[in-house]
Amino acid sequence: MALAVEVEDLWFKYQTSKEWVLRGVNLKVEKGEYVGLLGPASAGKTTLCMTFNGLIPHYVKGVFRGVVRVFGVDTSKVDLVDLAKDVQVVFQEAASQLIMSSVEEELVYPLVNLRGLTVEEARAEALRALRELGVAHLASRNPQTCSGGEKQRILLALMLALKPKLLVVDEATSDLDPEISEVFYRLSKELNEEGTTVIVVTQDTDRLVEVADRVILMERGLIVNEGDPREVMRRAQLLDGIVRTPQVVEYALELRRLGLELETLPLTVEEVVELVRRARSKGREPVV
Numbered sequence: 056m057a058l059a060v061e062v063e064d065l066w067f068k069y070q071t072s073k074e075w076v077l078r079g080v081n082l083k084v085e086k087g088e089y090v091g092l093l094g095p096a097s098a099g100k101t102t103l104c105m106t107f108n109g110l111i112p113h114y115v116k117g118v119f120r121g122v123v124r125v126f127g128v129d130t131s132k133v134d135l136v137d138l139a140k141d142v143q144v145v146f147q148e149a150a151s152q153l154i155m156s157s158v159e160e161e162l163v164y165p166l167v168n169l170r171g172l173t174v175e176e177a178r179a180e181a182l183r184a185l186r187e188l189g190v191a192h193l194a195s196r197n198p199q200t201c202s203g204g205e206k207q208r209i210l211l212a213l214m215l216a217l218k219p220k221l222l223v224v225d226e227a228t229s230d231l232d233p234e235i236s237e238v239f240y241r242l243s244k245e246l247n248e249e250g251t252t253v254i255v256v257t258q259d260t261d262r263l264v265e266v267a268d269r270v271i272l273m274e275r276g277l278i279v280n281e282g283d284p285r286e287v288m289r290r291a292q293l294l295d296g297i298v299r300t301p302q303v304v305e306y307a308l309e310l311r312r313l314g315l316e317l318e319t320l321p322l323t324v325e326e327v328v329e330l331v332r333r334a335r336s337k338g339r340e341p342v343v
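According to this note's numbering, the sequence shown holds residues 56 to 343 in order.
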């Protein structure tokens, strides 16, 4: 089993905190997986993500114990710039991650330096990515004059254009409208199918369960459950107080309570429609 991420007995607390934010986390993510990381606020999700690109322990100081390896490299023993060649993390707060004088430059500079493209190639790739996320018209704008949702789109366009070996998206779709959020999930899944390992932290369980290979639940600095999305969502009672159950799953479980037999738990609207269609064909329509 080739691993993209390996976390062993990871503990961390910030300099200003008396409490451990991560408490003995153990995690393995295989190369090419698409993983959803779910949990309530203060579960430790963002802190864990900051260890993947070396922000912790190199930049964010605190008490760090354990080992984090990304593609076999101990992130505590390698420079952040070297990690950036393979690992890209985009966080919810977009403004602090945009530093260039124009949106186009935000993409062109890293495409030249990290992907090795020529300036002309980088500009073409930048415009293509910006167009996919619906912000090509902002190419000449100063990114700090853009709205929060536009800034998130710009960052996501950059990360998708860089085509890293590991892409980590931490709540960076929170300000996107449903249409653009759908575009992100489609593009990130395409990137994943090309070989990129993807980890997405989100509250959008409805869409995530459709694309993820595995779902991981965190609470109070610990991984409390993980597995195939269908199996994790089937144990819906475990989600109470941690994350919102996807609407499709809630509907399917209600159908089961009304007497409809579920051979497998549906995760998409199309699967629910097919489930009801088959039930009707067998004369087993649920009684409301």
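Each residue gets a CB set at the ideal place from its N, CA and C atoms; glycine is no exception.
These figures come from a predicted structure and were not determined experimentally.
| query | result |
| --- | --- |
| Between E321 and the rest of its own chain, which residues show a CB-CB distance below 7 Å, the 5 nearest in sequence each way excluded? | Strictly speaking, residue 321 in this sequence is Pro, with Glu absent from that position. V303, A307, V327 and L330, listed in sequence order. |
| Look up M373 in the DSSP assignment and say whether it is helix, strand or coil. | Residue 373 lies beyond the range of the chain shown here (56 to 343); nothing can be said about it. |
| Starting from E63 and walking both ways along the alpha helix (DSSP H), at which residues does that stretch end? | Here E63 belongs to no alpha helix (DSSP H); instead the beta strand (DSSP E) covers L58 to Y69. |
| Got a sec, what are the start and stop residues for the alpha helix (DSSP H) E205 sits in? | G203 to L217 |
| For the beta strand (DSSP E) containing Q143, list its first residue and its last residue. | V142 to V145 |
| According to DSSP, is T252 helix, strand or coil? | strand |
| With D225 as the anchor, note down where its beta strand (DSSP E) starts and where it stops. | L221 to D225 |
| Any idea what DSSP makes of K132, helix, strand or coil? | helix |
| Relative to the alpha-carbon of V90, which residue among T323, G282 and V158 has its alpha-carbon at the smallest distance? | G282 |
| I'd like the span of the alpha helix (DSSP H) that includes Y114, first residue to last. | Run containing Y114: none; DSSP gives neither H nor E here. |
| Could you check which residue in R170, L172 and V62 has the C-alpha nearest to that of R78? | V62 |
| Using 8 Å as the cut-off, can you tell me whether the segment 233 to 251 makes contact with the segment 270 to 277, which would need three or more C-beta pairs spanning the two stretches below that distance? | no |
| Using C-beta distances below 6 Å, list every residue in its chain close to V256, excluding the 5 sequence neighbours before and after it, in chain order. | L92, K100, D225 and E226 |
| With a threshold of 8 Å on Cβ separation, who are the neighbours of L193 within its own chain once the five nearest residues in sequence on each side are excluded? | V158, L185, C201, E205 and I209 |
| Taking all protein chains shown into account, do 16 or more other C-beta atoms lie within 10 angstroms of the C-beta of G127, making it buried, or fewer, making it exposed? | exposed |
| By the DSSP assignment, the beta strand (DSSP E) with R312 in it spans what residues? | Element bounds for R312: not the beta strand (DSSP E) but the alpha helix (DSSP H), Q302 to R312. |
| Kindly indicate which three-state DSSP category R178 falls into: helix, strand or coil? | helix |
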